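There are 2 protein chains.
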Amino acid sequence: AEEFKEMSPSDFFYRNRDIAGFTNPSRAIYSTIRELIENSLDACEINGILPDIYIRVSAETEETPDPTIYRVRVEDNGSGMPSEVIPSAFGQVLFGSKYKLRQTRGTFGLGVKMAVLYGQITTHGQSRILSSTGTSKMYEYTLMMDIQKNRPIVVKHKVHSNKAKWHGTVVEFTTEADYTRAMAKILDYLKQTAIVVPYANLTFVDPRGRFYKFDRATTLMPKPPTETLPHPHGTDMETFKRMIDSTSSRTMKDFMKRHFQRVGEAIARRFLEFSGISPKKNPRKLAQEEIVKLVNAIKNYDGFLSPDAGCLSPLGDELLRTGIKKELAPEFMSVYQRKPAAYSGFPFIVEVGVAYGGDILKTDGILLYRFANRIPLLFDEASDISYKVTNEMMNWRHYKVLPDTPIAVFVHICSLKIPYKTVGKEFIADRPEVEHEVLNAMREVARHLALFLSKKHHMEREKKR
Amino acid sequence: AEEFKEMSPSDFFYRNRDIAGFTNPSRAIYSTIRELIENSLDACEINGILPDIYIRVSAETEETPDPTIYRVRVEDNGSGMPSEVIPSAFGQVLFGSKYKLRQTRGTFGLGVKMAVLYGQITTHGQSRILSSTGTSKMYEYTLMMDIQKNRPIVVKHKVHSNKAKWHGTVVEFTTEADYTRAMAKILDYLKQTAIVVPYANLTFVDPRGRFYKFDRATTLMPKPPTETLPHPHGTDMETFKRMIDSTSSRTMKDFMKRHFQRVGEAIARRFLEFSGISPKKNPRKLAQEEIVKLVNAIKNYDGFLSPDAGCLSPLGDELLRTGIKKELAPEFMSVYQRKPAAYSGFPFIVEVGVAYGGDILKTDGILLYRFANRIPLLFDEASDISYKVTNEMMNWRHYKVLPDTPIAVFVHICSLKIPYKTVGKEFIADRPEVEHEVLNAMREVARHLALFLSKKHHMEREKKR
Ligand SMILES: Nc1ncnc2c1ncn2[C@@H]1O[C@H](COP(=O)(O)OP(=O)(O)OP(=O)(O)O)[C@@H](O)[C@H]1O
Ligand SMILES: Nc1ncnc2c1ncn2[C@@H]1O[C@H](COP(=O)(O)OP(=O)(O)OP(=O)(O)O)[C@@H](O)[C@H]1O
Ligand SMILES: [Mg+2]
Ligand SMILES: [Mg+2]
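As given, the protein sequences belong to chains A and B, one line each in that order. So the first sequence is residues 398 to 862, counted in the numbering used here. So the second sequence is residues 398 to 862, counted in the numbering used here.
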């Protein structure tokens with residue numbers, strides 16, 4: 398007879414940790430560092446704090462040539478965390494503060510737990526967290542994860558005084574790692590983060606004690622991301638029913654205005670008329686068939702305004718240009734930001750840049766830089782939608798780009814929900830709406846590139862006479 | 398202040414359902430059908446039952462040209478399920494009977510719940526399950542999922558008499574679907590399943606009432622998959638500690654023999670000597686440092702036998718040939734099964750076939766058929782390791798294959814744990830050990846193809862004289 402059992406989400410992600418980017422000691426140290434840095438950046442940006450982030454990776458063992466165990470420490474000056482949530486934030490899978498409709502890097506409530514878990518199963522170490530929200534107290538926890546039960550084990554808990562009213566978080570633990578193999582990618586990640594987050598100070602101390610400092614290039618920060626209401630187009634039966642269960646609205650007209658973004662008096666009336674439901678109807682008194690009717694009507698009604706992208710934080714032309722210049726010192730570049738678009742009710746903005754010449758080495762294939770919500774994506778390029786657009790959908794010959802033309806393409810997508818294909822957050826699914834935006838943005842910059850290349854070609858031929 | 402919350406795994410996979418292959422109505426109906434069929438095939442094979450599976454998709458609404466809501470019904474003659482587990486098996490995410498070291502198609506305890514969930518959020522329908530293990534009773538449940546709490550809601554529960562002692566399971570529910578768009582892939586899936594599961598009867602009735610019958614070509618079945626013990630190489634601190642917590646062994650020597658596969662008296666002694674732990678030591682009395690010592694020693698000890706592949710069920714040369722012939726009627730083919738290999742302690746076997754000519758159309762790119770544990774993988778080809786090996790690592794010119802040479806490649810991987818990159822089970826991660834096996838198998842068949850092609854080329858030149 399078959400044995401049935403349930404599995405906790407921590408046990409599930411422990412057994413399937415490669416799905417989260419923790420495949421081997423080289424990939425794992427990269428994922429560990431990025432998950433910690435992204436948490437620190439979110440914690441600063443959400444509160445309008447200019448980020449100062451210190452990352453140290455030091456060898457814990459002494460094998461030659463390569464140690465196997467490292468200690469990772471990441472410190473930030475971000476919001477810090479209240480004492481009571483710290484154990485769960487670091488020891489319970491599917492727990493966090495980013496389950497909202499808001500542009501953040503974090504989204505799954507899983508990242509730091511995967512890093513802590515990997516460290517624990519490879520070194521049996523404990524993780525140490527120090528945090529304060531800037532009050533007179535700072536909280537220190539020494540934790541382990543009960544992976545089977547998905548709950549933190551508080552090994553030690555101390556309260557310190559915080560006279561300096563410091564705010565921020567320090568995370569430290571040991572982990573098995575192949576640092577030597579991962580090093581190039583880690584430095585690349587820091588360098589590219591510095592490009593798209595130019596207002597952050599990043600300091601990295603590697604196992605040899607070498608300092609890598611990326612000083613902030615500006616003190617201008619995007620405004621903190623705000624939470625927004627869902628758009629009608631993202632609504633299915635489950636979401637709708639949860640809204641009804643939680644609503645304080647007494648009429649459907651008020652319900653539509655209160656629970657959805659950009660639905661005002663007129664649109665609410667017209668939509669309810671379209672769906673055959675009285676604007677005075679009490680949402681809690683809707684019959685099952687009426688709910689089905691409404692959810693179907695939402696899909697078919699074309700009078701809703703497009704999703705509000707005011708809550709999104711694109712890089713902007715200037716920042717993208719500065720970044721490309723810094724990275725590649727190109728002879729020519731062109732950048733373009735598409736108007737906001739949406740998929741399944743989630744707004745997103747695509748920004749693309751193309752660069753020619755300068756430091757771009759002629760390699761096989763087009764150099765592709767991918768970013769999502771200001772995170773550099775450095776793995777699984779061939780599975781990413783931007784790769785597909787760049788290498789399979791763009792007709793580069795049409796834009797005077799030949800196989801040996803040295804060009805680089807930059808793609809940044811910001812959204813309330815990046816359509817990552819896996820919980821490892823390394824590549825983006827080919828959602829047709831996103832594909833459409835990336836392709837059209839790329840054609841726009843390619844047009845400018847074509848003009849430049851023909852002019853250049855023309856001038857070179859003139860020279861030869 | 399930030400709001401922290403925990404999320405149930407069902408709510409997590411509801412919000413992130415594209416990660417599981419439920420992106421849109423066309424992909425979702427495909428995923429629904431495959432998840433149900435794979436459950437039925439597992440339920441038959443685990444018990445040595447020749448599978449008879451009936452799948453019906455019928456339109457529930459009448460829009461023209463394309464209905465939006467369909468009813469899906471899958472019936473099998475498999476093991477059936479005991480009454481008490483049915484609500485959780487269909488209504489609780491991360492619940493199932495395949496969390497074992499055994500070759501099955503299912504692995505996550507998630508598939509059918511995703512299908513049920515998608516149906517529920519798009520149609521507010523209830524799912525109906527009928528099942529019996531061949532006893533005098535059969536059990537009928539009408540269920541919904543409480544997605545926030547991750548538990549089933551039993552709407553109705555009836556017990557019927559089962560005079561015929563039927564055993565099997567019927568699953569039925571409504572779901573939003575774009576059947577027209579998904580149809581070609583669904584039929585492809587059935588056709589390719591029939592190739593690698595030639596002992597199954599598959600009957601599919603589509604929304605137009607058309608019958609597609611794939612009759613079994615043989616009554617020879619692979620022996621039912623057996624559960625095996627873990628291999629030392631897959632052991633980390635967590636796994637080791639769980640073994641200690643559950644062990645009834647009183648000595649470390651007995652512990653090593655009882656908890657790991659292929660560890661006998663001699664290997665147990667030699668390993669414990671290597672790791673500096675007494676064979677008489679009581680496992681429950683191990684100190685923390687001793688556990689760390691043992692887990693590290695396991696990594697470094699090279700005296701373990703390779704993982705036992707006796708529990709694996711490869712297709713075999715004959716079946717692979719028959720399948721390729723049936724699908725492509727090629728002018729030439731060559732197949733090859735590699736010896737068992739392993740990654741992270743999990744044994745796996747790679748089988749590859751290459752075919753030339755016949756019905757193979759000259760298209761751009763090599764026609765690639767991928768299978769894992771006898772499941773056809775039809776999506777996300779470009780992200781799969783076999784695609785990478787076929788199109789980026791193989792030097793086909795060296796084997797006389799030119800861009801216009803009509804060839805097709807088949808890859809089947811069977812393992813206790815297929816290294817899927819996502820919970821959608823559509824593509825396989827590029828684990829170096831797996832890549833190595835696929836590459837070498839492909840080179841082997843390519844060698845035979847090269848001989849054939851040069852002979853053919855030679856004969857054609859002779860003719861011209
Ligand atoms: N450095 C930090 N400063 C402040 N809060 C933090 C920090 N690191 C983690 N947190 C809190 O802990 C929570 C859990 O972090 P975790 O990385 O597991 O999930 P996430 O960032 O919400 O999503 P994701 O899985 O996509 O990373 C976060 O939501 C955040 O509230
Ligand atoms: N047709 C069936 N006959 C017998 N048992 C079934 C059938 N369908 C589902 N089950 C049982 O329900 C459990 C849950 O199925 P589900 O598809 O969610 O998970 P799984 O098959 O174990 O893994 P995966 O998520 O990879 O499909 C299975 O493990 C199996 O025990
Ligand atoms: Mg995070
Ligand atoms: Mg299944």
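Ideal Cβ positions, reconstructed from N, Cα and C, are used throughout, including at glycine. The structure displayed is predicted, hence computed values, not measured ones.
> Which value, in whole angstroms, describes the spacing of the CA atoms of VAL567(A) and HIS854(A)?
Replying inline: Roughly 55 angstroms separates the two Cα atoms.
> Less than 8 angstroms between the CB of ASP473(A) and some heavy atom of ligand 3, yes or no?
Replying inline: No, Cβ of ASP473(A) sits at least 8 angstroms from all heavy atoms of ligand 3.
>> Counting C-beta neighbours from all protein chains within 10 Å, is the total for GLN589(A) 16 or more, i.e. buried, or is it exposed?
In response: It is buried - the Cβ of GLN589(A) has at least 16 other Cβ atoms within 10 Å.
> When the cut-off is 9 angstroms and only beta carbons count, does SER494(B) lie next to chain A?
Replying inline: At a cut-off of 9 angstroms between beta carbons, SER494(B) contacts chain A.
> What runs of the beta strand (DSSP E), each 3 residues or longer, lie entirely inside the segment 608-650 of chain B?
Replying inline: Complete beta strand (DSSP E) runs here, min 3: 608-611.
>> Taking contact to mean 3 or more Cβ pairs, one atom from each stretch, closer than 8 angstroms, check whether the segment 499-506 of chain A and the segment 608-623 of chain A are in contact.
In response: Yes, they touch.
>> Less than 9 angstroms between the C-beta atoms of GLU569(B) and VAL692(B), yes or no?
In response: At the C-beta level, GLU569(B) and VAL692(B) stay beyond 9 angstroms of one another.
> Since LYS560(B) contacts GLY531(B) with CB under 8 angstroms, what's their CB separation in whole angstroms?
Replying inline: At roughly 12 angstroms, the Cβ-Cβ gap does not stay under 8 angstroms, so LYS560(B) and GLY531(B) are not in contact.
>> With H, G and I counted as helix, E and B as strand and the rest as coil, what does DSSP make of ARG655(B)?
In response: DSSP places ARG655(B) in the helix class (H, G or I) of the three-state scheme.
> In whole angstroms, what separates the C-alpha of ALA440(B) from that of GLY477(B)?
Replying inline: The straight-line gap from Cα to Cα measures roughly 7 angstroms.
>> Is GLU435(A) close to ligand 3? I mean its beta-carbon at under 8 angstroms from any heavy atom of the ligand.
In response: Result yes, Cβ under 8 angstroms from ligand 3.
> Looking at the unbroken beta strand (DSSP E) that takes in CYS811(B), where does it start and where does it end?
Replying inline: Here the beta strand (DSSP E) through CYS811(B) covers 804-812.
> Which class does ALA440(A) belong to by DSSP, given the choice of helix, strand or coil?
Replying inline: Three-state DSSP puts ALA440(A) in a helix.
> What distance in whole Å lies between the Cβ atoms of TYR740(B) and ARG828(B), which are believed to be in contact at a cut-off of 8 angstroms?
Replying inline: Confirmed, Cβ separation roughly 5 angstroms.
>> Given this structure, state the Cα-to-Cα distance separating MET640(A) from ILE452(B), to the nearest angstrom.
In response: Their Cα atoms are separated by approximately 36 angstroms.
> Would a C-beta distance cut-off of 9 angstroms place ILE688(A) and LYS638(A) closer than the cut-off?
Replying inline: At the C-beta level, ILE688(A) and LYS638(A) come within 9 angstroms of one another.
> THR420(A) versus chain B: which residues are under 8 angstroms apart at the beta carbon?
Replying inline: What THR420(A) touches in chain B: ALA826 and ARG828.
>> Just to confirm the assignment: which complete beta strand (DSSP E) runs, minimum length 3, are found wholly within the segment 481-533 of chain B?
In response: Correct list: 524-530.
> How many Å lie between GLU789(B) and PHE776(B) at the Cα?
Replying inline: Rounded to whole angstroms, GLU789(B) and PHE776(B) show a C-alpha spacing of 19 angstroms.
>> Which residue wins for smallest C-alpha separation from THR519(B), given the options ASN436(B), SER423(B), MET580(B) and PRO549(B)?
In response: Among ASN436(B), SER423(B), MET580(B) and PRO549(B), the Cα nearest to that of THR519(B) is on SER423(B).
> Does the separation of the CB atoms of MET404(A) and LEU491(B) fall below 9 angstroms?
Replying inline: Yes; because the gap between Cβ atoms is below 9 angstroms, this pair is in contact.
>> Just to check my reading of the structure: PHE657(A) and LEU626(A) have Cβ atoms closer than 8 angstroms, yes? What is that Cβ distance to the nearest angstrom?
In response: Right, their Cβ atoms sit about 6 angstroms apart.
> Can we count GLY707(A) as close to ligand 2, meaning its CB is less than 8 angstroms from some heavy atom?
Replying inline: Not one heavy atom of ligand 2 is found less than 8 angstroms from the C-beta of GLY707(A).
> For ligand 4, any of its heavy atoms closer than 8 angstroms to the Cβ of VAL509(B)?
Replying inline: Using a cutoff of 8 angstroms, the CB of VAL509(B) counts as near ligand 4, since one of the ligand's heavy atoms is closer than that.
> Does the separation of the CB atoms of GLY631(B) and PHE401(A) fall below 9 angstroms?
Replying inline: Using a Cβ distance threshold of 9 angstroms, GLY631(B) and PHE401(A) do not count as a contacting pair.
> Should MET856(A) go down as buried or exposed, given a rule of 16 or more other Cβ atoms within 10 Å for buried?
Replying inline: MET856(A) counts as exposed, since fewer than 16 other beta carbons sit within 10 angstroms of its beta carbon.
>> Buried or exposed, going by whether 16 or more other CB atoms sit within 10 Å of the CB of PHE505(B)?
In response: PHE505(B) comes out buried.
> For the segment 699-710 of chain A against the segment 576-596 of chain A, are there 3 or more C-beta pairs whose distance is under 8 angstroms?
Replying inline: Segments in contact, no.
> Can you list, in chain order, the residues of its chain whose CB lies under 8 angstroms from that of SER558(B), leaving out five sequence neighbours each side?
Replying inline: Only SER533, LYS534 and MET535 meet the Cβ criterion.
> So is ALA805(A) buried or exposed if we call it buried at 16+ other beta carbons inside 10 Å?
Replying inline: Burial of ALA805(A) is indicated by the presence of at least 16 other C-beta atoms within 10 angstroms of its C-beta.
>> If I follow the unbroken alpha helix (DSSP H) through GLU857(B), where does it start and stop?
In response: Taken as a continuous stretch (DSSP letters only), the alpha helix (DSSP H) holding GLU857(B) covers 829-861.
>> Within the continuous beta strand (DSSP E) that includes ASN598(B), where are the two ends?
In response: Residues 598-602.
> Within 8 angstroms: the Cβ of ALA425(A) and any heavy atom of ligand 1?
Replying inline: Because no heavy atom of ligand 1 lies under 8 angstroms away, the Cβ of ALA425(A) does not count as near it: no.
> Contact check, ALA838(B) vs MET791(B) under 8 angstroms by CB: the rounded distance?
Replying inline: Not confirmed; about 11 angstroms, so no contact.
>> Under 8 angstroms: do the segment 809-817 of chain A and the segment 763-776 of chain A share three or more Cβ pairs, one atom per stretch?
In response: Because the criterion of three Cβ pairs below 8 angstroms is met, the segment 809-817 of chain A and the segment 763-776 of chain A touch.
>> Taking the beta carbon of ASN474(A) as the centre, do at least 16 other beta carbons fall within 10 Å, making it buried, or is it exposed?
In response: When all chains shown are included, ASN474(A) counts as buried.
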